[in-house]
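I have placed the structure first, in the form of structure tokens, so that the comments after it can refer back to it.
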Amino acid sequence: MTEKYRKFRNITSNKLSKNWIFYHPADWEMWAAAMSSVHRLLVYVLWLSHMGNGAAAKSRSLQVRAAKKHNTTEQLSQDSDVSFPDYVYNRLLYFSKACGVSSCISGGRVQRDKSLYEGGCPATIEFCHNEEINPTVRYTRIALVLQAEKGELGTGYVMVDHDSEVITMTFRSSTTTQDWMSNLMALPIDYSPVCEKEYRRMIKEGEIKECVGCKMHRGFHRFTETLGRSFLRKIEGILEAYPEFQVVSVGHSLGAALAVIAGIELRLRGYQPLVLAYAPPRIFNNNMKDWVDDLFGTAAIHESIMEAGEVDLDHGYFRIVHKQDYVPSMPPFYHIAGLEIFINKGKLPHLASDLEYIGPNEDILTKYGMKRIFTRKRFEKLTHTYQHREYFIDLGGCSGF
Numbered sequence: 001m002t003e004k005y006r007k008f009r010n011i012t013s014n015k016l017s018k019n020w021i022f023y024h025p026a027d028w029e030m031w032a033a034a035m036s037s038v039h040r041l042l043v044y045v046l047w048l049s050h051m052g053n054g055a056a057a058k059s060r061s062l063q064v065r066a067a068k069k070h071n072t073t074e075q076l077s078q079d080s081d082v083s084f085p086d087y088v089y090n091r092l093l094y095f096s097k098a099c100g101v102s103s104c105i106s107g108g109r110v111q112r113d114k115s116l117y118e119g120g121c122p123a124t125i126e127f128c129h130n131e132e133i134n135p136t137v138r139y140t141r142i143a144l145v146l147q148a149e150k151g152e153l154g155t156g157y158v159m160v161d162h163d164s165e166v167i168t169m170t171f172r173s174s175t176t177t178q179d180w181m182s183n184l185m186a187l188p189i190d191y192s193p194v195c196e197k198e199y200r201r202m203i204k205e206g207e208i209k210e211c212v213g214c215k216m217h218r219g220f221h222r223f224t225e226t227l228g229r230s231f232l233r234k235i236e237g238i239l240e241a242y243p244e245f246q247v248v249s250v251g252h253s254l255g256a257a258l259a260v261i262a263g264i265e266l267r268l269r270g271y272q273p274l275v276l277a278y279a280p281p282r283i284f285n286n287n288m289k290d291w292v293d294d295l296f297g298t299a300a301i302h303e304s305i306m307e308a309g310e311v312d313l314d315h316g317y318f319r320i321v322h323k324q325d326y327v328p329s330m331p332p333f334y335h336i337a338g339l340e341i342f343i344n345k346g347k348l349p350h351l352a353s354d355l356e357y358i359g360p361n362e363d364i365l366t367k368y369g370m371k372r373i374f375t376r377k378r379f380e381k382l383t384h385t386y387q388h389r390e391y392f393i394d395l396g397g398c399s400g401f
């Protein structure tokens, strides 16, 4: 144990509950060299203060080369000639709005067994009643609403689009006290899947590797311990009723973490879901990050995208990160899986021309260095709220989309 780590542990253990402290010993030396103990503590407290109501700014200065302009709204990526077809951009926008609807769950504003047009979600929202904005609004029904009880985690809803044949599971960002407590419980915990039987069967039959030494964020793992079992029993009934439909798991912030966990469980049940995580926090240790990428076939999907020269959202795990959102880099010492789509623009509107395909690169911050981020001017920018809240639309509440 290094002297710097001893000092950091002593300082933080006196200030915070032990459930609030996180570290990954294998990564400590890198972070100790990157920023002081005071910086680490300040950044973590800041992350906790903004997690979920839209806030932490991630100063992510990318030195990108100029991209060619197309006659359509496609844009070449930073690292390669990878474009975003209009239909891909439209899907990213659509599922961001689906995340917005999750903010309407409180107060009974999302109604089960109704189409969006019939009042499944508030008529004050264009996405819920305007056919020009959402052409399938009459054919998309709310099949399930999940309201987390006291001590539980995982508020969200499931909608079935009978026209496009898509089942969407959407999870809400931090709202309740339990949501916030789960954000705080950041010590790692051994990973154990909800569907242990299927997990062991797939390992035995050689379909997947065993997740050896896998750990994840304790607070987010709570989803598998509480609502996870109840939710998965309910969702399987819906999936079995529409076996040919595409399954999409989406969420923003805390909801993004839950969408990833739900996506993992669906993979272990033999499904091929598309996971879209908007502003996801880091929740895995390095072993689990590698296992999750292997589970979703991240390397093969990335290779296919590079060969095709354009992004496709058929299945797999994609994370969407906004230019100045800091949450996807937190908590430190954890890792993030999947393929990154980067929004290289600050404020709305976000168009296809603002998108860049980053791919499996976990953290460009390490490429450009941490020191430049923690200057006083940049640190003050972390207090802005819009960077974490704005992903194609303003996800700050049940309105405006």
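Note that UniProt numbering has the sequence shown beginning at 1, numbered continuously upward.
The beta carbon of each residue, even a glycine, is placed where N, CA and C say it ideally should be.
Please state whether DSSP places residue i in a helix, a strand or coil.
i           : result
Arg-282     : coil
Ile-208     : coil
Thr-124     : coil
Gln-111     : coil
Ser-329     : helix
Asp-314     : coil
Arg-172     : coil
Leu-266     : helix
residue 468 : Because the chain is modelled from 1 through 401, residue 468 falls outside the range shown and cannot be assessed.
Thr-298     : helix
Gly-154     : coil
Tyr-89      : helix
Asp-290     : helix
Gln-78      : In this prediction, Gln-78 scores a pLDDT of 45, lower than 50, which makes its location untrustworthy; the coordinate-derived value is nonetheless stated afterwards. Gln-78 falls in the coil class under three-state DSSP.
Leu-355     : strand
Quick one: Cα of residue i to Cα of residue j, how far?
i           : j       : result
Pro-85      : Phe-127 : 22 Å
Asp-294     : Leu-339 : 12 Å
Arg-138     : Glu-131 : 8 Å
residue 402 : Gly-255 : This structure leaves residue 402 out entirely; the chain is present only between 1 and 401.
Thr-155     : Ile-283 : 19 Å
residue 402 : Glu-165 : Here the chain covers residues 1 to 401 and nothing more, so residue 402 does not appear.
Val-145     : Glu-356 : 34 Å
Thr-298     : Tyr-271 : 15 Å
Gly-107     : Cys-398 : 11 Å
Arg-267     : Leu-276 : 14 Å
Phe-333     : His-129 : 43 Å
Val-158     : Ile-167 : 7 Å
His-302     : Ala-259 : 20 Å
Ile-105     : Gln-147 : 8 Å
Glu-265     : Asp-161 : 22 Å
Pro-360     : Ala-337 : 7 Å
Ile-235     : Val-110 : 17 Å
Arg-233     : Gly-100 : 25 Å
Asn-286     : Glu-118 : 46 Å
Gln-178     : Ala-308 : Low confidence applies to Gln-178: its pLDDT is 44, below 50, so where it sits in the model is not reliable enough to give any reading.
Met-370     : Asp-394 : The predicted position of Met-370 is uncertain, since its pLDDT is 41 and thus under 50; no value can be drawn from it.
Lys-347     : Phe-318 : 22 Å
Residue i and residue j look like a contact to me (Cβ under 8 Å); what is the Cβ gap, rounded to whole Å?
i       : j       : result
Met-306 : Val-88  : So it is not a contact: roughly 15 Å between Cβ atoms.
Ser-253 : Ser-173 : 4 Å
Ile-142 : Lys-114 : 6 Å
Does residue i get closer than 9 Å to chain C when you measure Cβ to Cβ?
i       : result
Lys-215 : Although the question refers to chain C, the structure presented lacks it and comprises just one protein chain.
Within 10 Å of its beta-carbon, does residue i have 16 or more other beta-carbons around it, so buried, or fewer, so exposed?
i       : result
Gln-387 : buried
Asn-344 : buried
Ala-241 : exposed
Ser-77  : In this prediction, Ser-77 has a pLDDT of 41, which is less than 50 and means its spatial position is unreliable; what the coordinates show is noted afterwards. By the 10 Å Cβ count, Ser-77 comes out buried.
Asp-190 : exposed
Lys-204 : exposed
Ser-304 : exposed
Asn-90  : exposed
Lys-323 : buried
Asp-314 : exposed
- [ ] Would you be able to state if there are at least three C-beta pairs under 8 Å between the stretch 113-126 and the stretch 197-209?
- [x] no
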